[in-house]
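Chains as they are written, first to last, in the working numbering: chain A, 1 to 396; chain B, 1 to 265. Heads up, the thing below is written out as structure tokens.
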């Protein structure tokens, strides 16, 4: 209920900012959108007796202002959701709430921030700074803001970044009524850490990135609480206990851009608790521009990921996808593809369509169809969760 | 005798020299005019502007798109300019930033920040003929302004609206162009007035009119309106530069990949 009020408040606040911007001479930008969503599940009742339909409202608001002739910047970027069925999916987050000071070659940043590392379309294995919200999106691509103090040094040899990150945030999983959800609930009362400072541990990361000719290269090291906990079945509670080991991860990401071909690679070696593991993910994207003498483009994406941990959920998966962009006034686009477990027989089909229907309205249609799923695959819990979602975003 | 012969030869060479000068081929003359026309717009050092794009369909329906941009002139004549574009409307793309490092003989380098993804992506720039934001303006119309990207030929002079223009034909010498040729009319101040674009099949595709020329810094001519009429699909795009300022002293580092995030949301 409280979340509902907060989101309503933010919505009003956003409109207020937009109105203020139009009225006052202060130099700032404020914009955002509100997006109602309807989902229907069409291949069964769900493995956990969840509902066959869901409604949700997603809100995003952005506020940016520059001070002192652009030497300082304040950014606020808030997202929130009210979900009809899953209380874990209702949340509010300041993805960005940061102050930046720009010196000649140095940027100092304090506050909540979203940092993306990586080059792939599907398997972003080196992206580690921000915590995922699996209730929002089970694939983990939706992230929470991470509080940090960060320094960037822009040298002619490349960019050096340092991140100091207090205030660890635990991963959010779908709740009892969430769909899709894990086979068992994650017990919030039994969370354990390898670090004796637990969630107060201050995490750190460094990154070097550069552009050399056709190559965009990033090398990074992260040391801190792993964002991804180990989940162990507690035989007494019949729930999952989450344990966050300390992760020490070194990673490399490279993209090579050769005409219409993009070649992508992400790789890492990491010590997670006591065990070391290795991961690699990459692939290629080729785009046919001006498909059959029209203005449309067709992109073909092939990506693969491997992880040497046998018990890791994504240790041998491939994606084949097609992305069609019409390049019309409505920005019509469609991406569709197949995700397959190469070591088993599980697979999933997905399609995402979007089109602007008015200058301030955009419609999204997302579909996900689960094919065959192995009973020992963790996604077996989602087997009956094939879904169709309609979203309409109204922009301010 | 020998000396005499030598003097004669020298005399003949000198006598013929002006003739050689004027015996410019149609290709050389075309290249010379195209180069002068291109250099007409050079020397700006850097530039900021707001841009308005009006898209009009055959029924007369209009939509407007707003972007703002910065450009850094590359003083190295063998390499291209750098530009940073910030998208304001339509509202769903607000906060999108595009950085381009153009090159004369090589593919451009391009990076795009999309707020919905929250990441900076290096994108392919071989999409020369693609439409810019659903308009009738192709990417190559922005990036292909350098005269060295074409082979030129002078076709003669032509009268239009009681004014005499140089008529030039040009063929792109880069890959993936959507055009087989272009016919340009250039006025006696070396300003491009009109360009006809022919598609890959050789059919007339669209006509570009450059209007509202303003003289900056007493030497640089820039058109502040660009109108593109697509002959085949009957759509019209009008591109207007507002608040254009030259030589404002932009930091070179603003045009690096890492600076995109300073502009992004």
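Yeah, the Cβ is synthetic: ideal placement off N, Cα and C, and Gly gets one too.
Over the uninterrupted alpha helix (DSSP H) stretch that includes residue i, give me the two end residues.
i              : result
residue 37(B)  : 26–39
residue 260(B) : 260–263
residue 141(B) : 139–143
Since residue i contacts residue j with CB under 8 angstroms, what's their CB separation in whole angstroms?
i              : j              : result
residue 202(A) : residue 210(A) : Their Cβ separation, rounded to whole angstroms, is 27 angstroms, which puts residue 202(A) and residue 210(A) out of contact at 8 angstroms.
residue 144(B) : residue 172(B) : 7 angstroms
residue 337(A) : residue 313(A) : About 19 angstroms separates the two Cβ atoms, so there is no contact after all.
residue 34(A)  : residue 59(A)  : 5 angstroms
residue 67(B)  : residue 86(B)  : 6 angstroms
residue 182(A) : residue 174(A) : 7 angstroms
residue 383(A) : residue 392(A) : Actually they do not touch by this definition, with Cβ atoms about 29 angstroms apart.
residue 88(B)  : residue 395(A) : Their Cβ separation, rounded to whole angstroms, is 12 angstroms, which puts residue 88(B) and residue 395(A) out of contact at 8 angstroms.
residue 28(A)  : residue 64(A)  : 6 angstroms
On the CB-based measure, 16 or more other CB atoms within 10 Å of its CB, does residue i come out buried or exposed?
i              : result
residue 105(B) : exposed
residue 34(B)  : buried
residue 99(A)  : exposed
residue 214(B) : exposed
residue 407(A) : Not covered by the structure: residue 407(A). The range shown for chain A is 1 to 396.
residue 128(A) : buried
residue 1(B)   : Unreliable positioning characterises residue 1(B) in this predicted model, as indicated by a pLDDT of 49, which lies under 50. A coordinate reading is not provided.
residue 131(A) : buried
residue 197(A) : exposed
residue 235(A) : exposed
residue 131(B) : buried
residue 85(A)  : buried
residue 168(A) : buried
residue 294(A) : exposed
residue 402(A) : Chain A is shown only over 1 to 396; residue 402(A) falls outside these bounds and no answer can be derived.
residue 251(A) : buried
residue 25(B)  : exposed
residue 192(B) : buried
residue 186(B) : buried
residue 206(B) : buried
residue 399(A) : One cannot answer for residue 399(A) here, as it falls past the ends of chain A, which runs 1 to 396.
residue 166(A) : exposed
residue 120(B) : buried
residue 59(B)  : exposed
residue 219(B) : exposed
residue 227(A) : buried
residue 88(A)  : buried
From this set, the options, which residue's C-alpha is nearest residue i's C-alpha?
i              : options                        : result
residue 244(B) : 23(B), 40(B), 44(B)            : 44(B)
residue 264(A) : 248(A), 380(A), 327(A), 215(A) : 215(A)
residue 53(A)  : 45(A), 40(A), 46(A), 60(A)     : 40(A)
residue 252(B) : 40(B), 231(B), 238(B), 81(B)   : 81(B)
residue 139(B) : 127(B), 50(B), 229(B)          : 127(B)
residue 296(B) : 229(B), 261(B), 216(B)         : Because chain B spans 1 through 265 in this model, residue 296(B) falls outside it and cannot be assessed.
residue 182(B) : 77(B), 153(B), 158(B), 176(B)  : 153(B)
residue 204(B) : 229(B), 24(B), 257(B), 163(B)  : 229(B)
residue 55(B)  : 360(A), 346(A), 193(A), 328(A) : 328(A)
residue 39(B)  : 218(B), 53(B), 190(B)          : 190(B)
residue 281(A) : 186(A), 304(A), 106(A)         : 304(A)
residue 197(B) : 211(B), 49(B), 179(B), 76(B)   : 179(B)
residue 220(A) : 267(A), 27(A), 333(A)          : 267(A)
Which residues mark the beginning and the end of the beta strand (DSSP E) in which residue i is found?
i              : result
residue 76(A)  : 72–83
residue 166(A) : Neither: residue 166(A) is in no beta strand (DSSP E) and is coded neither H nor E.
residue 126(A) : No beta strand (DSSP E) holds residue 126(A); DSSP gives it neither H nor E.
residue 33(A)  : 28–41
residue 137(A) : Looking at the DSSP string, residue 137(A) is not in any beta strand (DSSP E), and its letter there is neither H nor E.
residue 448(A) : No answer is possible for residue 448(A): the residues shown for chain A start at 1 and end at 396.
residue 153(B) : 150–160
residue 172(A) : Run containing residue 172(A): none; DSSP gives neither H nor E here.
residue 397(A) : As displayed, chain A neither begins before 1 nor continues past 396, which places residue 397(A) out of reach and without an answer.
residue 277(A) : 275–288
residue 86(A)  : Neither: residue 86(A) is in no beta strand (DSSP E) and is coded neither H nor E.
residue 264(A) : 261–272
residue 64(A)  : 53–67
residue 298(A) : 297–307
residue 218(A) : 215–225
Give the interface partners of residue i over in chain E, defined as CB-CB distance under 7 angstroms, in chain order.
i              : result
residue 126(A) : Annotation note: the requested chain E is absent from the structure, which comprises protein chains A and B.
Please tell me whether, using a cut-off of 6 angstroms, the distance from the CB of residue i to the nearest non-hydrogen atom of the ligand COA is below it.
i             : result
residue 76(B) : The model depicted lacks the ligand COA and carries no ligand whatsoever.
With a floor of 3 residues, list each beta strand (DSSP E) that falls wholly inside the stretch 180–254 of chain B, ordered by position along the chain.
-> Listed in chain order, the complete beta strand (DSSP E) runs (minimum 3 residues) inside the stretch 180–254 of chain B are 192–199, 204–216, 220–230, 236–246.
Starting from the N-terminal side, write out each stretch of the alpha helix (DSSP H) that is 4 residues or longer and does not extend beyond the stretch 311–368 of chain A.
-> DSSP runs (the alpha helix (DSSP H)) wholly in the stretch 311–368 of chain A: none.
Which residue spans inside the stretch 57–143 of chain B form an unbroken alpha helix (DSSP H) run of at least 4?
-> The qualifying runs are 139–143.
Counting only runs of 3+ residues fully inside the stretch 93–123 of chain A, write out the beta strand (DSSP E) ranges in chain order.
-> Listed in chain order, they are 106–113.
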